[in-house]
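Okay, structure first, notes after.
Protein chains: 2
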Amino acid sequence: MASKKISMAVIKRLPRYHRFLDYLLELGIKRVSSKELSTRMGITASQIRQDLNCFGGFGQQGYGYNVESLFSEIGNILGINKTFYAIIIGAGNMGRALANYGNFDKRGFNIIGVFDVNPEVIGKKINNMEVMSLNNLDEFILQNKVDIAVLCIPYKETASIADRVAKLGVKGLWNFSPMDLKIPYDVVVENVHLSDSLMVLGYKMNDRFER
Amino acid sequence: MASKKISMAVIKRLPRYHRFLDYLLELGIKRVSSKELSTRMGITASQIRQDLNCFGGFGQQGYGYNVESLFSEIGNILGINKTFYAIIIGAGNMGRALANYGNFDKRGFNIIGVFDVNPEVIGKKINNMEVMSLNNLDEFILQNKVDIAVLCIPYKETASIADRVAKLGVKGLWNFSPMDLKIPYDVVVENVHLSDSLMVLGYKMNDRFER
DNA sequence: TAGATTGTTAATCGATTAACAATC
DNA sequence: TAGATTGTTAATCGATTAACAATC
């Protein structure tokens, strides 16, 4: 598995398929054709078939795709059945929101710790987890299996913390800071640049409505 | 302005340029060449010049780009100098985090109201704003200039609320629900699908480390 | 002026779409 | 079997990269 290189464009569509299939499942729909997915999702049928065939022939000629099995196949590709252990670094607005958000568990992402520097926050409970001091970060990572660090820290701290956890063996960074991370270690980074997204929205609005 | 169609690929890189130029400004750097930007940002010099020339010749042959003026030009393109008025719908984890996050103001996004359905939340203050009842949403939008609605509501409510505010004249939706919005009105949508992003991170990790 | 670097055109690369033979 | 729809190859489209003349 994961042998031939698959483009990010394809990967990024997978969660959308997954979500839509989940919805079809809820509606009790058993089978679906690429053509039907196409009209409902606004993606060409051709692209859907191309995307799915990157990973194997999930369909059946003359029939289409079985919703349930396609859903679980895509889930497998995305690794939903595997468990990742994550810590949140930074218990500010975003860190707290993510710590409280329960739905990541469902997708196999377990939050096992929250860290901050602020003495007023350390020791307080967020979603039944006591916020730990950043001083104990290294120790914690060495003593627990930590796959992912969720970075919810200010711009200036991001690079050094990223570096620090990468050195300790954390393999994935989910980065909410506006910093573009460049890390010399073997770490996977996924950025969520909220303000970039907001600026793109602003652009689109100006462009469309010629304010 | 905004005459020839510019691809989304280009637009999405603009906030990154903007951020990096801001950083150079802080360092007190006055001029920069596409080549230097290239090595520092990990984008080809060719692409940088192509991107910038979509909007006009901001550079000078033999010299490069003036950091300050390029920064402000990109800011203008992104509409940072214009003010948008936004409301947050849904005062759950994400809604609260966004309401408390002060940095959007800096980019011209003013949050002027927060709404929720939960009686326990209505009336409470978030970042000096009293949470209003969703019952008063229509009235509020009609009586105030609301450019953007930030949707932080559960999956099931999203479509109907999006429809409702669009009908009332809201022109932009910043959507944090996993719902893929299809709206029959003239509205611009920017989605932030956090769990999609997390799933992509999971995929990358499985792929890279062959768990 | 000579050197540097842009703006812009042309070439390449990759992603999307179309077409159709394979097959359920 | 006939109809439907996939899997897959080929054609098209768009985005990225390379090249270079224009010019500061």
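As given, the protein sequences belong to chains A and B, one line each in that order. For the numbering used here, add 138 to where a residue sits in the first sequence, where the first one is 1. For the numbering used here, add 138 to where a residue sits in the second sequence, where the first one is 1. Heads up, the beta-carbon is just placed ideally off N, CA and C, and yes, glycines get one too. Bear in mind the structure is a predicted one, so any value in this text is a computation, not a measurement.
For a contact meaning CB atoms closer than 8 Å, what does E164(B) contact in chain A? Those do not exist, as E164(B) stays about 11 Å from chain A at its closest Cβ, beyond 8 Å.
Helix or strand or just coil, what does DSSP make of I299(B)? helix
Inter-residue spacing [alpha-carbon to alpha-carbon] between G228(B) and I279(B): Straight through space, the alpha carbons of I279(B) and G228(B) are spaced by roughly 15 Å.
Just grab the DSSP bridge partners of M270(A) for me. F253(A)
Whose C-beta lies closer than 7 Å to the C-beta of F209(A) among residues of the same chain, with five residues either side of it excluded? H156, L159, D160 and L163
Quick one: grab the DSSP three-state call for M139(A). Caution applies to M139(A), whose pLDDT of 39 falls short of 50 and renders its modelled position unreliable; the value that the coordinates give is listed next. Here M139(A) sits in coil by DSSP.
So, are the CB atoms of V288(B) and A224(B) less than 7 Å apart? yes
Beta strand (DSSP E) runs wholly inside the stretch 185 to 266 of chain A, at least 3 long, in chain order: 222 to 227 and 247 to 254
Residues of chain A with CB under 8 Å from N282(B), in chain order? Within chain A, no residue comes near N282(B); the closest Cβ sits about 17 Å away, beyond 8 Å.
Apart from the five residues just before and just after G261(A), which ones in its own chain have a Cβ nearer than 8 Å to its Cβ? E268 and V269
If you measure between the beta carbons of V337(B) and P153(A), is that distance less than 7 Å? Here residue 337(B) turns out to be Met, not Val, going by the sequence shown. Yes.
From which residue to which residue does the beta strand (DSSP E) around G310(A) run? G310 to N313
In or out: A147(A) buried (at least 16 other Cβ within 10 Å) or exposed? exposed
Given a threshold of 16 other Cβ atoms within 10 Å of its Cβ, counted over all protein chains shown, does G97(B) qualify as buried or as exposed? Outside the displayed span of chain B (139 to 349) sits residue 97(B), for which this structure offers no information.
Within the 7 Å Cβ cut-off, does A297(A) reach chain B? no
Have a look at Y341(A) and E348(B) and give me their C-alpha separation to the nearest angstrom. 39 Å
Below 8 Å, can you find three or more Cβ-Cβ pairs linking the stretch 316 to 325 of chain A to the stretch 246 to 265 of chain A? Cβ pair count under 8 Å is below three, so no.
Which residue comes first and which comes last in the alpha helix (DSSP H) that contains N344(B)? L332 to F347
With C-beta atoms as the reference, is S335(B) less than 7 Å away from E277(A)? no
Beta-carbon separation of V284(B) and V308(B) under 7 Å? yes
Any idea if L339(A) is buried or exposed, counting beta-carbon neighbours within 10 angstroms, 16 or more meaning buried? Counting C-beta atoms within 10 angstroms of its own C-beta, L339(A) has 16 or more neighbours from the protein chains shown and is therefore classed as buried.
In angstroms, rounded to a whole number, what distance separates the CA positions of W312(B) and N313(A)? 20 Å
The beta strand (DSSP E) enclosing V326(A), as first and last residue numbers: V326 to N329
For L190(A) and chain B, any beta-carbon pair shorter than 7 Å? For L190(A), the answer is no, since every Cβ of chain B falls outside 7 Å of its Cβ.
Are V330(A) and R346(B) close, meaning C-beta to C-beta below 7 Å? no
Under three-state DSSP, which class holds V284(A)? coil
Would you list, in chain order, the members of the stretch 329 to 346 of chain B that have their beta-carbon closer than 8 Å to a beta-carbon of chain A? V330, H331, L332, S333, D334, S335, L336, M337, V338, L339, G340, Y341, K342, M343, N344, D345 and R346
Would you say N238(B) lies against chain A (beta-carbon separation less than 7 Å)? Closer than 7 Å to some Cβ of chain A, the Cβ of N238(B) qualifies, so yes.
I'd like to know if P292(B) contacts chain A, where contact means its C-beta is closer than 7 Å to some C-beta of that chain. no
What residues in the stretch 209 to 226 of chain B bring their beta carbon closer than 8 Å to a beta carbon of chain A? I215, L216, G217, I218, K220 and F222
Name the residue from I186(B), T182(B), G246(B) and N191(B) whose alpha carbon lies nearest to the alpha carbon of I286(B). G246(B)
What are the start and end residues of the alpha helix (DSSP H) that includes L405(B)? The question about residue 405(B) has no answer, for chain B in this structure spans 139 to 349.
Sequence-distant residues of its chain with Cβ nearer than 8 Å to L237(B) (five each side left out): The amino acid at residue 237(B) is misidentified as Leu; the sequence shows Ala. So the list reads I226, A229, I249, V252, I264, N265 and M267, once near-sequence residues are dropped.
For chain B, find out if any of its Cβ atoms is closer than 7 Å to the Cβ of P153(A); answer yes or no. yes
Endpoints, alpha helix (DSSP H) assigned at S176(B): DSSP places S176(B) in the uninterrupted alpha helix (DSSP H) bounded by S172 to M179.
What separation, rounded to the nearest whole angstrom, lies between the Cα atoms of Y201(B) and I186(B)? 15 Å
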